[in-house]
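A.B. asks:
Residue numbers (our numbering): 5 to 183.
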């Protein structure tokens with residue numbers, strides 16, 4: 005499955021329409037979502053039981069994640085900085101929510117929400133190249149490969165390769181993979 009992510013379609017761009025935000029979030033705190041929260045339209049298609057996952061606080065100051073789905077929040081893992089075998093923990097998803105969404109959809113949500121940061125300036129072209137489930141261990145993995153684009157004095161294109169690992173308790177680890 006191939007897909008692209010770009011600055012113009014990012015959570016950051018949508019957030020900037022509501023308030024002055026300088027840079028990408030480094031985490032999304034968990035919150036009890038109320039009627040006063042506004043869904044983040046950029047990723048509103050990702051839902052559990054007809055409920056989006058990512059929201060703006062009522063004053064639009066912050067972007068928060070539904071604590072009923074991601075009880076520990078999400079921490080941004082920058083895969084553009086991960087070396088082969090390096091890893092970071094993104095967070096934990098409730099196992100029931102994981103079963104409803106599946107590994108592929110959760111991975112796409114994490115990438116599109118920028119909780120897994122696959123690009124810096126312009127965007128990335130990515131492909132989910134494999135999905136593995138080990139039912140007895142309760143482990144699922146998704147491997148993603150592609151390129152991200154950014155500017156220094158000129159446009160630079162570099163490979164980005166990583167695996168997202170979900171354990172039986174919903175822990176989400178992101179591991180750098182040698183291209």
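C-beta: ideal position from N, C-alpha, C; glycine also.
Go through its chain and collect everything with a Cβ distance to residue 59's Cβ below 8 Å, but skip five positions before and after it.
C.D. replies: The residue given as residue 59 occupies position 55 in the chain shown. So the qualifying residues of the chain are 35, 37, 41, 42, 43, 44, 67, 68, 69, 70.
A.B. asks: Examine the Cβ distances between the segment 138–156 and the segment 70–79 and report whether three or more of them are shorter than 8 Å.
C.D. replies: The segment 138–156, when compared against the segment 70–79, does not touch it at the 8 Å Cβ threshold.
A.B. asks: Considering just the uninterrupted stretch of the alpha helix (DSSP H) at residue 110, what are its terminal residues?
C.D. replies: Position 106 of the chain shown, counted from the first residue, corresponds to residue 110. That run of the alpha helix (DSSP H) goes 107–116.
A.B. asks: Assign residue 85 to one of two classes, buried (16 or more other C-beta atoms within 10 Å of its C-beta) or exposed (fewer than that).
C.D. replies: Position 81 of the chain shown, counting from 1, holds the residue named residue 85. By the neighbour-count rule (16 or more Cβ atoms within 10 Å), residue 85 is not buried but exposed.
A.B. asks: Alpha carbon to alpha carbon, how far is residue 130 from residue 121?
C.D. replies: For the purposes of this step, residue 130 is taken as residue 126 along the chain shown, with counting starting at 1. For the purposes of this step, residue 121 is taken as residue 117 along the chain shown, with counting starting at 1. Using only the alpha carbons, I get a separation of about 12 Å.
A.B. asks: How many angstroms separate the CA atom of residue 64 from the CA atom of residue 165?
C.D. replies: Walking along the chain shown from the start, residue 64 turns up at place 60. Walking along the chain shown from the start, residue 165 turns up at place 161. Their backbone Cα atoms lie some 33 Å apart in a straight line.
A.B. asks: At the level of alpha carbons, what is the spacing between residue 98 and residue 138?
C.D. replies: For the purposes of this step, residue 98 is identified with residue 94 of the chain shown, where counting begins at 1. For the purposes of this step, residue 138 is identified with residue 134 of the chain shown, where counting begins at 1. Roughly 18 Å separates the two Cα atoms.
A.B. asks: For residue 136, count neighbouring C-beta atoms within 10 Å of its own C-beta (all shown protein chains included) and say buried if the count is 16 or more, exposed if not.
C.D. replies: As a first step, residue 136 is located in the chain shown; it is residue number 132 there, counting from the start. Exposed is the call here.
A.B. asks: Could you tell me how far apart the beta carbons of residue 113 and residue 174 are, in whole angstroms, since I believe they sit closer than 8 Å?
C.D. replies: For the purposes of this step, residue 113 is taken as the residue at position 109 of the chain shown. For the purposes of this step, residue 174 is taken as the residue at position 170 of the chain shown. In fact, because the Cβ distance is near 14 Å, the residues do not count as touching under 8 Å.
A.B. asks: Cutting at 6 Å between CB atoms, please list the residues of its own chain near residue 6, excluding the five before and the five after it.
C.D. replies: Counted from its first residue, the chain shown places residue 6 at position 2. 131.
A.B. asks: Quick one: using the 10 Å Cβ neighbour count with 16 as the cut-off for buried, is residue 30 buried or exposed?
C.D. replies: In the chain shown, the residue the question calls residue 30 occupies position 26. With fewer than 16 other Cβ atoms within 10 Å, it is exposed.
A.B. asks: Residue 77: which of 167, 176, 14 sits nearest, CA to CA?
C.D. replies: Position 73 of the chain shown, counted from the first residue, corresponds to residue 77. Answer by Cα proximity: 176.
A.B. asks: Would you identify the three-state DSSP class for residue 131, choosing helix, strand or coil?
C.D. replies: Along the chain shown, read from residue 1 onward, the residue named residue 131 stands at position 127. DSSP places residue 131 in strand when its eight states are reduced to three.
A.B. asks: Would DSSP call residue 173 helix, strand or coil?
C.D. replies: Taking the chain shown and counting its residues from 1, the one referred to as residue 173 is at position 169. The answer is coil: DSSP assigns residue 173 none of H, G, I, E or B.
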